[in-house]
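A.B. asks: So that we are looking at the same thing, I have put the structure below in structure tokens.
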Amino acid sequence: MPTGGMLMLVAIGAVLGLVYNAVGLKSQPVWGIPWIGEDRLAVFDDVPAIDVKPPDPTISSDPLAGLVGAGSLPQIVNPGRPVPVTVNVLKAYVDHGSGALIVDARDPDEYAESHIPGAVNMPYEEVVTDPERIEAIETGGQPIIIYCGGPECEISRNLALDFYYAGLEPVAFYEGGLPEWIALGYPLVEGAP
Amino acid sequence: MMGLLRHPWVVTGCRVGIAVVFIVAGLAKIGDAESFARQVHNFQLIPVAFENLVAIVLPWIEVVIGVTMLVGSRRRAGAWLSLILMAGFTIAVAAGVARGLDIECGCFGTGDGARVGAVKLIENVLLTLAAWIGTTRLGQED
């Protein structure tokens, strides 16, 4: 193996990349990224998930529950980045019948099999290659809650960040995703997008 | 069969093909380091602190490798590096599949939106094979 030549090529590539990125950091608008990847870490790992108390069955059996519930939807604040929410928050919105744009980031066939009631399908794979799909979203100021196939699935976070960069807010992602929702026995619907 | 794989045209074809793939994939990622850094993060294979550096540097290394494999100077070094990188990419994809990650490949930036899965794994294995064939029949020149 030509070790010397290989090291040289890697070095040339590394220098080109660092110089190019340094130019990007000084440009307007900035298109370079910090050398150390801390900012993105903060986006996802430093924000505590917004939570509410789980729905109380004694209250929801009250005929006035709908009226009471209308005023008590959990607030999804906008901390300047996408924010995680727990299953209780999403459940509160689903029980309320809406109040948020719930987005399923998985593939259409997965969505058709089963999804959370009221969710619209916006496959990350399609959205990422067609930014106009994000620009076309009208939330009317309502929060957006995105989910996918659970903690092992990153596309809800990525989609949340894309939404956020597109100027939509507040944007939340539900990390537990469909597996947790199903495990809790919460309602599901099926049907094509 | 082995004779066919060592045929000069096959070897050259593999080398040129890999070179083009590396240049295209590198250029696609250079335009959007932020997205590529996120895709690197999703693979959960390297420490978070190094993710941005990889995203900054790796696409350029790919382009440099591709160009050297085409122009002929340092061709042997480029071919061997392409094999090492392809093997690394294949391991990354295999690890993603094995851990059930549902993530974007990022192989060609955000341009193709391809997800990590069996198809991507097969694609990578074939490319690694091509890269290996591309390292053969090169003399000891540089």
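Top to bottom, those sequences are chains A and B.
Once you know that position 11 of the first sequence is 67 in our numbering, the rest is easy, because the numbers rise by one and skip nothing.
Once you know that position 80 of the second sequence is 176 in our numbering, the rest is easy, because the numbers rise by one and skip nothing.
Cβ atoms here follow ideal geometry from the backbone N, Cα and C, with glycine treated the same way.
1) What separation, rounded to the nearest whole angstrom, lies between the Cα atoms of LEU161(B) and PHE229(A)?
2) Using 8 Å for Cβ pairs, my map puts LEU166(B) next to ALA115(B). What's the rounded Cβ distance?
3) Out of curiosity, what's the CA-to-CA distance linking LEU81(A) and ARG134(B)?
4) Mind checking which residues open and close the alpha helix (DSSP H) that includes TYR221(A)?
5) Following the continuous alpha helix (DSSP H) through PRO164(A), name the residue where it begins and the one where it ends.
6) May I have the straight-line CA-CA distance separating PRO155(B) from GLY241(A), to the nearest angstrom?
7) DSSP puts THR206(B) in a beta bridge; with which residues?
8) Grouping DSSP H, G and I as helix and E and B as strand, with all else coil, what is ARG170(B)?
9) Looking only at C-alpha atoms, which of ILE92(A), ALA222(A), ASN177(A) sits nearest to VAL245(A)?
10) Residues of chain A with a CB under 9 Å from the CB of GLU200(B): which are they?
11) Using a Cβ-Cβ cutoff of less than 6 Å, which residues in the same chain neighbour ALA151(B) once the five nearest sequence positions on both sides are dropped?
12) Which residue comes first and which comes last in the beta strand (DSSP E) that contains TYR203(A)?
13) Using a beta-carbon distance cut-off of less than 7 Å, what residues from the stretch 173-187 of chain B approach chain E?
14) On a Cα-Cα basis, can you pick out the residue from PRO243(A), GLN198(A), ASP218(A) that is closest to PRO179(A)?
15) Could you tell me which chain A residues have their CB closer than 9 Å to the CB of ARG170(B), listed as they occur along the chain?
16) Using the beta-carbon of each residue, which ones in chain B are nearer than 8 Å to PRO90(A)?
17) Grab me the residues of THR142(A)'s own chain with a C-beta within less than 6 Å of its C-beta, minus the 5 sequence neighbours each way, in chain order.
18) Quick check on DSSP: helix, strand or coil for ILE158(A)?
19) From GLU191(A) to GLU181(A), what does the alpha carbon distance come to, in whole angstroms?
C.D. replies: Once the coordinates are examined:
1) First, the amino acid is wrong: residue 161(B) is Ile here, not Leu. Taken atom to atom, the span from the alpha-carbon of ILE161(B) to that of PHE229(A) is near 39 Å.
2) Between LEU166(B) and ALA115(B) a beta carbon distance of about 5 Å is seen, short of the 8 Å cut, so the two are scored as contacting.
3) So the alpha carbons of these two residues sit roughly 18 Å apart.
4) Boundaries of the alpha helix (DSSP H) harbouring TYR221(A): 211-221, taken from the DSSP string.
5) Residues 164-169.
6) The C-alpha of GLY241(A) is placed about 45 Å away from the C-alpha of PRO155(B).
7) DSSP, once it has assigned bridges, lists PHE204(B) as partnering THR206(B).
8) It is coil, neither helix nor strand.
9) Nearest of ILE92(A), ALA222(A), ASN177(A) to VAL245(A), Cα basis: ASN177(A).
10) Correct list: TYR180, GLU181, VAL184, GLU210, ILE211, ASN214.
11) These residues qualify, in order along the chain: ALA129, PHE132, ALA133, VAL136.
12) Segment 200-203, the beta strand (DSSP E) holding TYR203(A).
13) Protein chains in the displayed structure are A and B, and chain E is not among them.
14) Proximity to PRO179(A) across PRO243(A), GLN198(A), ASP218(A) peaks at ASP218(A), based on C-alpha coordinates.
15) Those are PRO58, GLY61, MET62, MET64, LEU65, listed as they occur along chain A.
16) Neighbours of PRO90(A) on chain B, chain order: ASN148.
17) Closer than 6 Å at the Cβ level, and outside the excluded window around THR142(A), lie ALA105, ASP107.
18) Residue state, collapsed to three classes: strand.
19) Distance between the alpha carbons of GLU191(A) and GLU181(A) is about 16 Å.
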